[in-house]
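Enquirer: One structure coming up, written as structure tokens, with questions to follow.
Here is the structure:
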């Protein structure tokens, strides 16, 4: 067993932060000027700009364009000499001994802990669906989806005309939230434009992109009006949208679903899962150790100041937290699982931690909601924005798309990545080409019978 | 079983080209204006600019910067309507029935065949070394090496001071040909500059990069003078060079080698294999089927016109061919395994194929050798160039490095990639940062005892 934090000064309080997503990074930044010894732990070596992950999955961007090495992203914080970054998996949290367990054996002691471990996809108890319908949370997921999509067109080119070929050319996306809509819109653009004159035997424009949604409308977090606009834009891009379609089975050949017209079947070689999100399993570890409550999605119920009940030394932020936004007037409202909320939580948790060290009272979390945006495809997006004087403004189409572009470029971490992404997008917009259409792994013949 | 080439016109001769490296792509281009039906088969979906693959392995470039989707690279040839591109593995060649076998079951008939299947790495009969010392031929190889290198530094940060940490920080490169020298130079730059202030517990500059060469000098294809210059430049970059060091074993902990001083051991977590090259196993298939001779490296011995003895309908080009360069005067000389030679062979094979179709005599292969270049690291390279009046000119250092840069950017396929690579390099040069330091796969704890 190693010493806990071998480099730490005995005089500084030890803060451990788990996860380097939006919440974790903001917490590090907010703490880096204080007299605390910080250890940041993550299972990857990069901070991922997750809102653009679908662009990697659909071959529009390369991985380095939206992912920055943690050590590089935090290099100025690092140079202050109070931050240690460790690559490892937190397998348990011992809240009694105040230590996180790394990779099952290495213990890192803490005086204060910020857990920002995020979320993963949930198949609602059908874990066997994962093999046939990858979700989109990590770069490895994105590469998996990219490979499946590009190779499906390649397989179609080698099949004779018929049902098998059409199944290769059918892409189902389950879940019409922001990720599902983005994926469906991009897949349609790939089929309609990017690949359309690059095959000899197939016409890529005959590919079907089917968006399968269990509820009555797409992008249900938005107003009915914007949701209908989004539906119109999806149709214009060539996406088929099935609403009130509840998936009952997913296998290697496609999916089955219940619709108001009864049980249905969709043959599709490629299925992408964008339906369910569940909190990181570290929520379970915290619940077992502290008795804290979890909500239905496995998220940790936190106090107004984002700490755990009975454990003021532990804060939980981001997608792992079931947090409420507290206003001066009115009832608290639930905080959505979006990156601005995670950032704001990371900052407040750091601030409250420092307040506790100074013996000051902590502050409740208030989510400053500037609105919401969803992109659908080329020149297609919807937006609702809260403006100072005008109040809530809703708009869609080209202008919403440009606005979405601006916001996402602006928030991308690191000057260089912004430039790369902007160049790639400008190129893609005018050429219809997607620059990252690369499958790294060589093709291996499937061990199946001749077709 | 499928019909052979279902789209082919019965009147056009059917040409099958195996492999889309430099030789295969040039053959397609040279044939695309002729009245032939071309089928190009490759196991990947991209043409790879292999001379820059080490930059992907050392996190300087993203994969899409040096790889173009075949269908996009050949889109203008494709639009002439006589080219079919298929993704698949050629598992056999039936030269009697004149068909290549795809993925073990699909047969593609040909009237003429150009085999440009390239080379792979060879462990000289020690295939068990492959697991511990990846070679560098494909994008998947490059990602594997990138992951190993970056994670070795991460592991070192989690180890206590001592032999285990130093083993994490020791990088051995086996083979001091161009790839080995490039890899060693880049690894030294990463340790000395890129990472040097991004760790808390380790000093990345204490990493050792050891280049292990069995022969008496580095870059032995160059003159003694240039080889010595290269050695000086390697030393200046901080690379330790072991010559006359014959590797006898490679395992998870490092490698053993025989030196003039007797058997030695080098503990190194990361070993990169840049020593041996063997021709594609398709050479064996051709030999079994046609009785053609193979050389010691498994390359197919070809006629002066690059066809197979007794099989004028089959040409072999690129790294798979043991070809000779025929001059007007003097003895034929062996052709080196470099990309300009592969391109020239691809063009001549296509030209000779068309000559045969017209009933004209074929021409022998002459390798137009413009010289050779090897880069070593920042501002370090060696070059020998044949100039019209001056004859063979040798130079090294900054000027050779700029020349190398210019040549590689110039030959990169596709305007956009050139721009991307140039931007990335300019950024890397001034910032010392390497933009692709991303490991996609999340860390999984090793199932080993606590350390």
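Protein chains in written order, with the working numbering: chain A, 3 to 453; chain B, 3 to 453.
Quick reminder that beta carbons are idealized off the backbone N, C-alpha and C, glycines included.
When DSSP labels each residue in this structure, what does residue 291 of chain B get in the three-state scheme?
Expert: In the second chain, the residue the question calls residue 291 of chain B occupies position 289. Reduced to three states, the DSSP call for residue 291 of chain B is helix.
Enquirer: Taking residue 304 of chain B as the reference, which of B:330, B:265, B:275, B:347 has the closest Cα?
Expert: Looking up residue 304 of chain B in the second chain gives position 302. Here the closest residue by C-alpha is B:347.
Enquirer: Taking three-plus beta-carbon pairs below 8 Å as touching, is the segment 309–316 of chain B in contact with the segment 151–170 of chain B?
Expert: The segment 309–316 of chain B vs the segment 151–170 of chain B: no contact.
Enquirer: Does the beta-carbon distance from residue 267 of chain A to residue 258 of chain A come in below 7 Å?
Expert: As a position in the first chain, residue 267 of chain A is number 265, starting the count at 1. As a position in the first chain, residue 258 of chain A is number 256, starting the count at 1. The answer is yes: Cβ separation under 7 Å.
Enquirer: Checking 7 Å against the spacing of the C-beta atoms, do residue 19 of chain A and residue 32 of chain A come in under that value?
Expert: Numbered from 1 along the first chain, position 17 holds the residue referred to as residue 19 of chain A. Numbered from 1 along the first chain, position 30 holds the residue referred to as residue 32 of chain A. It is not a contact, given that the beta carbons lie outside the stated cut-off.
Enquirer: What number of angstroms, rounded off, separates the C-alpha of residue 253 of chain A from the C-alpha of residue 275 of chain A?
Expert: Counted from its first residue, the first chain places residue 253 of chain A at position 251. Counted from its first residue, the first chain places residue 275 of chain A at position 273. If I take the Cα positions, the gap works out to 12 Å.
Enquirer: Within 10 Å of its beta-carbon, does residue 44 of chain A have 16 or more other beta-carbons around it, so buried, or fewer, so exposed?
Expert: Residue mapping note: residue 44 of chain A aligns to position 42 of the first chain, counting from 1. Counting Cβ neighbours within 10 Å, residue 44 of chain A comes out buried, since at least 16 surround it.
Enquirer: Buried or exposed: which applies to residue 169 of chain A, given that a residue is buried once 16 or more other Cβ atoms fall within 10 Å of its Cβ?
Expert: Indexing the first chain from 1 puts residue 169 of chain A at position 167. By the neighbour-count criterion, in which a residue is buried when 16 or more other Cβ atoms sit within 10 angstroms of its Cβ, residue 169 of chain A is buried.
Enquirer: Roughly how many angstroms separate the alpha carbons of residue 159 of chain A and residue 203 of chain A, rounded to a whole number?
Expert: Along the first chain, one-based indexing puts residue 159 of chain A at 157. Along the first chain, one-based indexing puts residue 203 of chain A at 201. Spanning the two alpha carbons is a distance of roughly 6 Å.
Enquirer: Using a Cβ-Cβ cut-off of less than 7 Å, give me the residues of the segment 41–53 of chain A that come near chain B, in sequence order.
Expert: 45, 46, 47, 48
Enquirer: When burial is assigned at 16 or more other CB atoms within 10 Å of the CB, is residue 363 of chain A buried or exposed?
Expert: Translated into the one-based positions of the first chain, residue 363 of chain A becomes position 361. Taking a 10 Å sphere around the C-beta of residue 363 of chain A, we find fewer than 16 other C-beta atoms and assign the residue as exposed.
Enquirer: Taking beta-carbon pairs under 9 Å, can you tell me which members of the segment 87–103 of chain B lie near chain A?
Expert: 87, 88, 89, 90, 91, 93
Enquirer: Please classify residue 367 of chain B: does DSSP put it in a helix, a strand, or coil?
Expert: As a position in the second chain, residue 367 of chain B is number 365, starting the count at 1. Residue state, collapsed to three classes: coil.
Enquirer: Let me know the secondary structure DSSP gives residue 71 of chain B once reduced to three states.
Expert: Position 69 of the second chain, counted from the first residue, corresponds to residue 71 of chain B. In the three-state DSSP reduction, residue 71 of chain B falls in the strand class (E or B).
Enquirer: Mapping the DSSP letters down to three states, classify residue 256 of chain B as helix, strand or coil.
Expert: Walking along the second chain from the start, residue 256 of chain B turns up at place 254. Reduced to three states, the DSSP call for residue 256 of chain B is strand.
Enquirer: With a threshold of 8 Å, are at least 3 pairs of Cβ atoms found where one atom belongs to the segment 128–136 of chain A and the other to the segment 272–288 of chain A?
Expert: yes
Enquirer: Under a three-way DSSP split, which group does residue 349 of chain B fall into?
Expert: Looking up residue 349 of chain B in the second chain gives position 347. The answer is helix: DSSP assigns residue 349 of chain B an H, G or I state.
Enquirer: Under 7 Å between the Cβ atoms of residue 42 of chain A and residue 69 of chain A?
Expert: Sequence index remark: in the first chain, residue 42 of chain A carries index 40 (1-based). Sequence index remark: in the first chain, residue 69 of chain A carries index 67 (1-based). Going by C-beta atoms, residue 42 of chain A is not nearer than 7 Å to residue 69 of chain A.
Enquirer: Per DSSP, what kind of secondary structure is residue 48 of chain A in: helix, strand or coil?
Expert: What you label residue 48 of chain A is simply residue 46 of the first chain in a count that begins at 1. Three-state result, residue 48 of chain A: strand.
Enquirer: Have a look at the DSSP bridge pairing and note the partners of residue 265 of chain B.
Expert: The residue you call residue 265 of chain B lines up with position 263 of the second chain. Per DSSP, the beta bridge partners of residue 265 of chain B are B:260.
Enquirer: Anyone know if the C-beta pair for residue 181 of chain A and residue 436 of chain A falls short of 7 Å?
Expert: As a working mapping, residue 181 of chain A is identified with position 179 in the first chain. As a working mapping, residue 436 of chain A is identified with position 434 in the first chain. No. Outside cutoff.
Enquirer: Does any C-beta atom of chain A lie closer than 7 Å to the C-beta of residue 189 of chain B?
Expert: Along the second chain, one-based indexing puts residue 189 of chain B at 187. Chain A contact via Cβ: absent.
Enquirer: Taking Cβ positions only, does residue 141 of chain B come closer than 7 Å to chain A?
Expert: As a first step, residue 141 of chain B must be located in the second chain, where it is residue number 139. Judged by the 7 Å Cβ criterion, residue 141 of chain B is in contact with chain A.
Enquirer: For residue 288 of chain B versus residue 119 of chain B, is the C-beta distance shorter than 7 Å?
Expert: As a first step, residue 288 of chain B is located in the second chain; it is residue number 286 there, counting from the start. As a first step, residue 119 of chain B is located in the second chain; it is residue number 117 there, counting from the start. It is not a contact, given that the beta carbons lie outside the stated cut-off.
Enquirer: So, under 8 Å CB-CB, residue 280 of chain A and residue 220 of chain A are touching, yes? Tell me the CB distance rounded to an integer number of Å.
Expert: For the purposes of this step, residue 280 of chain A is taken as residue 278 along the first chain, with counting starting at 1. For the purposes of this step, residue 220 of chain A is taken as residue 218 along the first chain, with counting starting at 1. That belief does not hold up - the Cβ atoms of residue 280 of chain A and residue 220 of chain A are roughly 22 Å apart, past 8 Å.
Enquirer: Going along the chain, which unbroken runs of the alpha helix (DSSP H) with 4 or more residues stay wholly within the segment 71–111 of chain A?
Expert: 72–75, 77–80
Enquirer: Have a look at residue 194 of chain A and residue 206 of chain A and give me their C-alpha separation to the nearest angstrom.
Expert: Indexing the first chain from 1 puts residue 194 of chain A at position 192. Indexing the first chain from 1 puts residue 206 of chain A at position 204. Using only the alpha carbons, I get a separation of about 7 Å.
Enquirer: What residue range does the alpha helix (DSSP H) around residue 316 of chain A cover?
Expert: Against the first chain, residue 316 of chain A aligns to sequence position 314. No alpha helix (DSSP H) contains residue 316 of chain A, which is instead part of the beta strand (DSSP E) from 313–318.
Enquirer: Could you tell me whether the Cβ of residue 31 of chain B comes closer than 7 Å to any Cβ of chain A?
Expert: In the second chain, residue 31 of chain B corresponds to position 29, counting from 1. Chain A contact via Cβ: absent.
Enquirer: Under three-state DSSP, which class holds residue 39 of chain B?
Expert: Taking the first residue of the second chain as position 1, residue 39 of chain B is located at position 37. In the structure shown, residue 39 of chain B sits in a strand (DSSP, three-state: E or B).
Enquirer: Are residue 210 of chain B and residue 172 of chain B touching if we call contact CB-CB under 7 Å?
Expert: Position 208 of the second chain holds residue 210 of chain B. Position 170 of the second chain holds residue 172 of chain B. Their beta carbons are under 7 Å apart, which means residue 210 of chain B touches residue 172 of chain B by this criterion.
Enquirer: Using the beta-carbon count (16 or more within 10 Å), is residue 391 of chain B buried or exposed?
Expert: Indexing the second chain from 1 puts residue 391 of chain B at position 389. When all chains shown are included, residue 391 of chain B counts as exposed.
Enquirer: Under 7 Å, CB to CB, which of the residues in the segment 154–171 of chain A have a partner in chain B?
Expert: Sequence-ordered contacts of the segment 154–171 of chain A with chain B read 156, 159, 160, 162 [C-beta pairs closer than 7 Å].
Enquirer: Run through the segment 161–234 of chain B for me and flag every whole alpha helix (DSSP H) of 4 or more residues, listed as ranges in chain order.
Expert: 165–170, 180–191
Enquirer: Where DSSP assigns a beta bridge to residue 326 of chain A, which residues make up the other side?
Expert: For the purposes of this step, residue 326 of chain A is identified with residue 324 of the first chain, where counting begins at 1. Residue 326 of chain A has A:336 as its beta-bridge partners, per DSSP.
Enquirer: Report the residue from B:17, B:52, B:93 whose alpha carbon sits nearest the alpha carbon of residue 115 of chain B.
Expert: What you label residue 115 of chain B is simply residue 113 of the second chain in a count that begins at 1. Selected option, being the one with the closest Cα: B:17.
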